[in-house]
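Its first residue numbered 1, the sequence shown is counted upward by one per residue in our numbering. Accompanying notes for the structure given below.
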Amino acid sequence: MTTLETLLSDPESVGTWALAPDRSAVTFKIRNMWGLMPVKGSFTEFSGEGRLAGKGAVSGRIDIQVASLDTGIARRDKHLRSPDFFDVERFSQITVVVNALHPANGKSADLHTNFTIKGITEPVPLPVTITELDDGSVRISGQTQIDRSRFDLGWNKLGVMSNAVVVSADAVFVHSAQTA
(Lines of atoms letter the chains of each structure in order from A and count residues from 1; the text may use other names and numbers.)
(Lines give C-alpha, C1' and ligand atoms only; values in the text may rest on other atoms or scores of the structure.)
Protein backbone atom coordinates (compact mmCIF):
# COMPACT_ATOMS: atom_id res chain seq x y z
CA MET A 1 0.00 0.00 0.00
CA THR A 2 1.26 3.45 -0.87
CA THR A 3 0.64 6.81 0.68
CA LEU A 4 -1.75 9.27 -0.93
CA GLU A 5 1.13 11.60 -1.82
CA THR A 6 2.97 8.73 -3.51
CA LEU A 7 -0.11 7.70 -5.47
CA LEU A 8 -0.73 11.27 -6.67
CA SER A 9 2.87 11.79 -7.76
CA ASP A 10 3.48 8.36 -9.33
CA PRO A 11 3.78 8.69 -13.14
CA GLU A 12 2.24 5.20 -13.42
CA SER A 13 -0.98 6.58 -11.87
CA VAL A 14 -1.45 9.31 -14.47
CA GLY A 15 -4.39 8.74 -16.80
CA THR A 16 -8.03 7.79 -16.70
CA TRP A 17 -9.58 5.77 -13.89
CA ALA A 18 -12.95 4.07 -14.55
CA LEU A 19 -15.54 3.73 -11.80
CA ALA A 20 -16.35 0.08 -11.03
CA PRO A 21 -20.10 0.24 -10.19
CA ASP A 22 -20.22 -3.39 -9.06
CA ARG A 23 -17.64 -2.57 -6.36
CA SER A 24 -19.08 0.83 -5.40
CA ALA A 25 -22.06 2.29 -3.52
CA VAL A 26 -23.87 5.65 -3.44
CA THR A 27 -26.15 6.06 -0.43
CA PHE A 28 -28.06 8.68 1.55
CA LYS A 29 -29.83 9.03 4.87
CA ILE A 30 -32.23 11.60 6.22
CA ARG A 31 -34.19 12.02 9.45
CA ASN A 32 -37.95 11.71 9.01
CA MET A 33 -40.95 11.93 11.35
CA TRP A 34 -39.52 14.97 13.17
CA GLY A 35 -36.14 13.32 13.56
CA LEU A 36 -37.42 10.09 15.11
CA MET A 37 -36.99 7.81 12.13
CA PRO A 38 -33.90 7.59 9.94
CA VAL A 39 -34.61 6.82 6.29
CA LYS A 40 -31.77 5.20 4.35
CA GLY A 41 -31.54 4.70 0.63
CA SER A 42 -29.22 4.10 -2.25
CA PHE A 43 -28.86 4.70 -5.95
CA THR A 44 -28.16 1.45 -7.75
CA GLU A 45 -27.21 2.78 -11.21
CA PHE A 46 -24.29 5.14 -11.69
CA SER A 47 -21.19 5.52 -13.81
CA GLY A 48 -18.15 7.71 -13.83
CA GLU A 49 -14.48 8.24 -14.28
CA GLY A 50 -11.62 10.14 -12.76
CA ARG A 51 -8.50 11.58 -14.27
CA LEU A 52 -5.12 12.05 -12.67
CA ALA A 53 -2.87 14.44 -14.54
CA GLY A 54 0.72 15.33 -13.80
CA LYS A 55 1.63 16.92 -10.47
CA GLY A 56 -1.41 15.38 -8.74
CA ALA A 57 -4.11 17.35 -10.57
CA VAL A 58 -7.38 15.44 -10.20
CA SER A 59 -10.72 15.74 -11.97
CA GLY A 60 -13.67 13.44 -12.39
CA ARG A 61 -17.35 12.90 -12.64
CA ILE A 62 -20.04 10.52 -11.41
CA ASP A 63 -23.46 10.38 -13.10
CA ILE A 64 -26.22 8.90 -10.93
CA GLN A 65 -29.49 7.66 -12.46
CA VAL A 66 -32.18 9.09 -10.18
CA ALA A 67 -34.75 6.46 -11.24
CA SER A 68 -32.52 3.85 -9.56
CA LEU A 69 -33.31 5.36 -6.13
CA ASP A 70 -34.20 2.61 -3.64
CA THR A 71 -35.28 3.04 -0.02
CA GLY A 72 -36.89 -0.38 0.22
CA ILE A 73 -40.44 1.02 0.15
CA ALA A 74 -41.87 1.22 -3.38
CA ARG A 75 -44.52 3.83 -2.53
CA ARG A 76 -41.96 6.16 -0.93
CA ASP A 77 -39.56 5.64 -3.87
CA LYS A 78 -42.31 6.56 -6.33
CA HIS A 79 -42.99 9.78 -4.38
CA LEU A 80 -39.27 10.62 -4.24
CA ARG A 81 -39.09 10.24 -8.05
CA SER A 82 -42.12 12.53 -8.51
CA PRO A 83 -42.09 16.33 -9.14
CA ASP A 84 -42.43 16.83 -5.34
CA PHE A 85 -38.79 15.76 -5.04
CA PHE A 86 -36.40 14.64 -7.80
CA ASP A 87 -38.78 15.01 -10.78
CA VAL A 88 -37.16 12.12 -12.66
CA GLU A 89 -39.12 12.82 -15.85
CA ARG A 90 -37.37 16.20 -16.23
CA PHE A 91 -34.12 15.57 -14.34
CA SER A 92 -32.96 12.00 -14.82
CA GLN A 93 -29.43 12.41 -13.42
CA ILE A 94 -27.58 13.70 -10.43
CA THR A 95 -24.06 14.70 -11.43
CA VAL A 96 -21.07 15.09 -9.14
CA VAL A 97 -18.09 16.80 -10.77
CA VAL A 98 -14.72 16.81 -9.04
CA ASN A 99 -12.69 19.95 -9.74
CA ALA A 100 -9.73 19.46 -7.39
CA LEU A 101 -8.27 17.32 -4.63
CA HIS A 102 -6.26 18.65 -1.71
CA PRO A 103 -4.45 16.03 0.39
CA ALA A 104 -4.91 16.36 4.15
CA ASN A 105 -3.40 13.96 6.72
CA GLY A 106 -2.55 10.34 5.93
CA LYS A 107 -5.05 8.95 3.44
CA SER A 108 -7.46 11.85 3.91
CA ALA A 109 -8.19 14.49 1.30
CA ASP A 110 -10.70 17.19 0.52
CA LEU A 111 -12.47 17.02 -2.82
CA HIS A 112 -13.84 20.20 -4.33
CA THR A 113 -17.02 19.11 -6.07
CA ASN A 114 -20.10 20.53 -7.73
CA PHE A 115 -23.35 18.62 -7.29
CA THR A 116 -26.05 19.12 -9.93
CA ILE A 117 -29.50 18.05 -8.78
CA LYS A 118 -32.69 19.08 -10.59
CA GLY A 119 -30.64 21.34 -12.87
CA ILE A 120 -29.20 23.30 -9.93
CA THR A 121 -25.42 23.24 -9.50
CA GLU A 122 -23.90 24.02 -6.10
CA PRO A 123 -20.38 23.58 -4.73
CA VAL A 124 -20.18 20.86 -2.08
CA PRO A 125 -16.97 20.14 -0.14
CA LEU A 126 -16.42 16.39 0.20
CA PRO A 127 -13.90 15.01 2.72
CA VAL A 128 -12.68 11.58 1.60
CA THR A 129 -10.33 8.75 2.45
CA ILE A 130 -8.34 7.34 -0.46
CA THR A 131 -6.94 3.83 -0.26
CA GLU A 132 -5.00 1.87 -2.84
CA LEU A 133 -6.28 -1.71 -2.88
CA ASP A 134 -4.16 -4.84 -3.35
CA ASP A 135 -5.25 -5.20 -7.00
CA GLY A 136 -4.06 -1.66 -7.87
CA SER A 137 -7.55 -0.13 -7.86
CA VAL A 138 -8.31 2.86 -5.65
CA ARG A 139 -11.19 3.22 -3.18
CA ILE A 140 -12.45 6.74 -2.47
CA SER A 141 -14.83 6.84 0.49
CA GLY A 142 -16.52 9.96 1.75
CA GLN A 143 -19.61 11.53 3.10
CA THR A 144 -20.98 15.01 3.40
CA GLN A 145 -24.14 16.74 4.48
CA ILE A 146 -26.20 18.79 2.05
CA ASP A 147 -29.19 21.03 2.55
CA ARG A 148 -31.78 19.55 0.20
CA SER A 149 -33.61 22.87 -0.13
CA ARG A 150 -30.55 24.25 -2.02
CA PHE A 151 -31.49 21.84 -4.83
CA ASP A 152 -35.24 22.52 -4.92
CA LEU A 153 -35.97 19.37 -2.89
CA GLY A 154 -37.88 21.38 -0.31
CA TRP A 155 -41.19 19.48 -0.19
CA ASN A 156 -41.86 18.91 3.50
CA LYS A 157 -45.49 18.33 4.42
CA LEU A 158 -46.04 19.21 8.08
CA GLY A 159 -42.30 19.71 8.59
CA VAL A 160 -41.68 16.02 9.15
CA MET A 161 -38.41 15.83 7.17
CA SER A 162 -35.02 17.24 8.00
CA ASN A 163 -33.46 19.57 5.45
CA ALA A 164 -30.08 17.93 6.12
CA VAL A 165 -29.28 14.84 4.05
CA VAL A 166 -26.11 12.83 4.55
CA VAL A 167 -24.82 11.53 1.22
CA SER A 168 -22.09 8.90 1.08
CA ALA A 169 -20.04 7.22 -1.59
CA ASP A 170 -17.71 4.28 -1.52
CA ALA A 171 -16.31 4.41 -5.05
CA VAL A 172 -13.73 2.04 -6.48
CA PHE A 173 -11.79 3.19 -9.54
CA VAL A 174 -9.71 0.99 -11.83
CA HIS A 175 -6.84 2.45 -13.86
CA SER A 176 -7.64 2.35 -17.58
CA ALA A 177 -4.98 1.71 -20.19
CA GLN A 178 -3.29 4.95 -21.15
CA THR A 179 -3.85 6.20 -24.66
CA ALA A 180 -0.85 7.26 -26.65
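Beta carbons: idealized from backbone N, C-alpha and C, even for Gly.
Could you tell me which of the options sits nearest to residue i, measuring between CA atoms?
| i | options | result |
| --- | --- | --- |
| residue 171 | 151, 138, 147 and 153 | 138 |
| residue 11 | 30, 31 and 51 | 51 |
| residue 91 | 75, 63 and 99 | 63 |
| residue 61 | 153, 4, 150 and 114 | 114 |
| residue 93 | 69, 18, 15 and 41 | 69 |
| residue 127 | 17, 74, 107 and 119 | 107 |
| residue 20 | 135, 102 and 147 | 135 |
| residue 39 | 148, 15, 29 and 130 | 29 |
| residue 97 | 109, 43, 59 and 46 | 59 |
| residue 42 | 18, 77, 32 and 116 | 77 |
Please state whether DSSP places residue i in a helix, a strand or coil.
| i | result |
| --- | --- |
| residue 104 | coil |
| residue 53 | coil |
| residue 151 | helix |
| residue 83 | coil |
Could you tell me which residues DSSP puts in a beta bridge with residue i?
| i | result |
| --- | --- |
| residue 97 | 61 and 114 |
| residue 29 | 40 and 166 |
| residue 120 | 117 |
| residue 4 | In DSSP, residue 4 forms no bridge with anything. |
| residue 74 | None, per the DSSP bridge assignment. |
| residue 171 | 140 |
| residue 18 | 49 and 174 |
| residue 132 | 138 |
| residue 109 | 103 and 128 |
I want to check one thing, is the minimum distance from the CB of residue i to the heavy atoms of the ligand SAH below 7 Å?
| i | result |
| --- | --- |
| residue 46 | Of ligands this structure carries none, so the ligand SAH is not represented either. |
Are the region 135 to 150 and the region 164 to 179 touching by the rule of at least three beta carbon pairs closer than 8 Å?
yes
The region 116 to 125 in contact with the region 21 to 33 per 3-pair CB rule at 8 Å
Verdict: no, contact absent.
Flag this pair as touching only if the region 77 to 90 and the region 43 to 55 have three or more C-beta atom pairs under 8 Å; answer yes or no.
Put simply, the region 77 to 90 does not touch the region 43 to 55. Fewer than three CB pairs are less than 8 Å apart.
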